[in-house]
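Student: Before I ask anything, here is the structure I am working with.
Chains as they are written, first to last, in this note's numbering: chain A, 1 to 315; chain B, 316 to 395.
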């Protein structure tokens with residue numbers, strides 16, 4: 001239905017044709033579709049999330065055995081929102097509750113990777129299959145990455161002296177009425193929408209230009225085919241892009257359309273969300289650079305493996 | 316009445332501080348608004364997400380920017 005409406009607008013009303021029509025049509029259609037679905041999905045996710053909060057997660061992770069704790073922490077990462085500005089209290093708060101370092105890292109890897117904007121965009125642009133693959137392998141990286149970091153005994157690299165709290169945390173239940181949940185979810189959705197709509201527009205705009213004007217062989221040559229360096233390059237490029245995930249993902253869709261390999265695209269998107277430069281800068285206040293380096297290295301290697309694996313399977 | 320905003324300088328923390336200061340300037344009475352940005356002091360309140368709002372030593376909320384009305388309500392309750 002939307003497609004016909006947009007076609008009517010660009011072809012019949014504006015009288016466009018050929019490449020210009022391709023680009024304009026794509027831009028309008030994609031923007032409408034993406035923005036609409038984004039609002040719906042983010043609202044649903046934030047509504048579900050009003051049932052949990054970080055305090056709840058922490059109480060549940062306390063005293064769990066290591067590997068089980070890693071798995072649980074990674075899954076909890078999906079249901080809690082993440083803001084890099086809270087990385088420090090979150091990290092220290094977990095250590096305070098005697099949650100092992102590795103389990104804390106599993107959460108710290110999974111939470112930003114499975115953020116609502118990334119999930120909503122993946123679903124909108126690539127469909128549910130890729131979204132499930134992204135979340136599934138993202139969890140795997142979080143579980144294994146956290147477990148490996150835990151085994152390395154890196155507690156000495158926490159720069160502050162955190163005093164473990166006594167006793168057990170009480171299980172806190174979030175008590176809200178239905179109306180409060182809807183209100184909170186809506187405010188959250190509106191807040192995010194305000195922040196990302198422009199990026200989405202820009203991303204789709206540049207994507208539309210590529211869609212209409214850049215030939216497929218050009219992209220396939222650099223991001224597809226047999227380039228061994230495609231995946232690691234994508235991961236490195238992804239690191240400084242965290243805050244722009246909303247703008248980059250529509251671009252990635254066009255690039256895969258034009259021949260970028262899916263494994264490379266997957267690695268790129270995971271690097272954008274899981275390896276964030278601003279978060280590293282914030283964590284530097286409380287963690288030794290070496291620990292941050294090991295954290296980025298472990299996650300980076302995991303993401304690169306996933307990229308190669310997918311490119312290999314799908315070829 | 317002492318109102319503390321716990322936060323290390325994130326966008327939400329700055330917004331909350333501004334809302335509280337604006338509100339307090341309109342209210343009658345003696346209010347002291349303090350921004351706490353020392354991480355160890357913040358951790359003493361046992362919070363996991365910022366910003367935190369503390370009124371007279373009691374933790375009111377974490378991780379969100381309250382509306383003016385909500386804050387007014389909390390101040391009123393704390394004053395009783």
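All C-beta atoms, glycine included, are put in the ideal place defined by N, C-alpha and C. Only a predicted model underlies this, so the values are computations on that prediction, with no experimental measurement involved.
At a cut of 8 Å, does the stretch 277-297 of chain A reach the stretch 131-142 of chain A through at least three beta carbon pairs?
Tutor: no
Student: Are the Cβ atoms of residue 61 of chain A and residue 158 of chain A separated by less than 8 Å?
Tutor: Cβ atoms of residue 61 of chain A and residue 158 of chain A: not closer than 8 Å.
Student: Take residue 259 of chain A as the anchor and find which of A/216, A/232 and A/251 has the nearest alpha-carbon.
Tutor: Closest in C-alpha terms to residue 259 of chain A, from the list A/216, A/232 and A/251, comes A/216.
Student: Tell me whether the beta-carbon of residue 392 of chain B lies closer than 8 Å to the beta-carbon of residue 349 of chain B.
Tutor: no
Student: Between residue 54 of chain A and chain B, is there a C-beta pair that is closer than 8 Å?
Tutor: yes
Student: Take residue 95 of chain A and list the residues in its own chain whose beta-carbon comes closer than 6 Å to its own, dropping the five residues that flank it on each side.
Tutor: 162
Student: Who are the Cβ neighbours of residue 240 of chain A in its own chain at under 6 Å, not counting the five residues just before and after it?
Tutor: So the list reads 277, once near-sequence residues are dropped.
Student: With DSSP run on the structure shown, which of helix, strand or coil describes residue 177 of chain A?
Tutor: Here residue 177 of chain A sits in coil by DSSP.
Student: Would you say residue 381 of chain B lies against chain A (beta-carbon separation less than 8 Å)?
Tutor: no
Student: On the three-state DSSP scale, how would you describe residue 182 of chain A?
Tutor: helix
Student: With which residues is residue 367 of chain B paired in a DSSP beta bridge?
Tutor: In the DSSP output, where bridge partners are listed per residue, residue 367 of chain B has B/321 and B/377.
Student: Roughly how far, in whole angstroms, is the beta-carbon of residue 148 of chain A from the beta-carbon of residue 298 of chain A, given that I think they are within contact range, below 8 Å?
Tutor: So it is a contact: roughly 6 Å between Cβ atoms.
Student: Using 10 angstroms around the beta-carbon of residue 253 of chain A, count the other beta-carbons present and answer buried if the total reaches 16, otherwise exposed.
Tutor: buried
Student: Please confirm if residue 99 of chain A has its CB atom under 8 Å from at least one CB of chain B.
Tutor: Output row for residue 99 of chain A: interface = no.
Student: When the cut-off is 8 Å and only beta carbons count, does residue 276 of chain A lie next to chain B?
Tutor: no
Student: Just how far apart, CA to CA, sit residue 112 of chain A and residue 307 of chain A?
Tutor: 19 Å
Student: When you compare only the Cα positions, how much space is there between residue 92 of chain A and residue 323 of chain B?
Tutor: If you take the alpha carbons of residue 92 of chain A and residue 323 of chain B, they lie about 14 Å apart.
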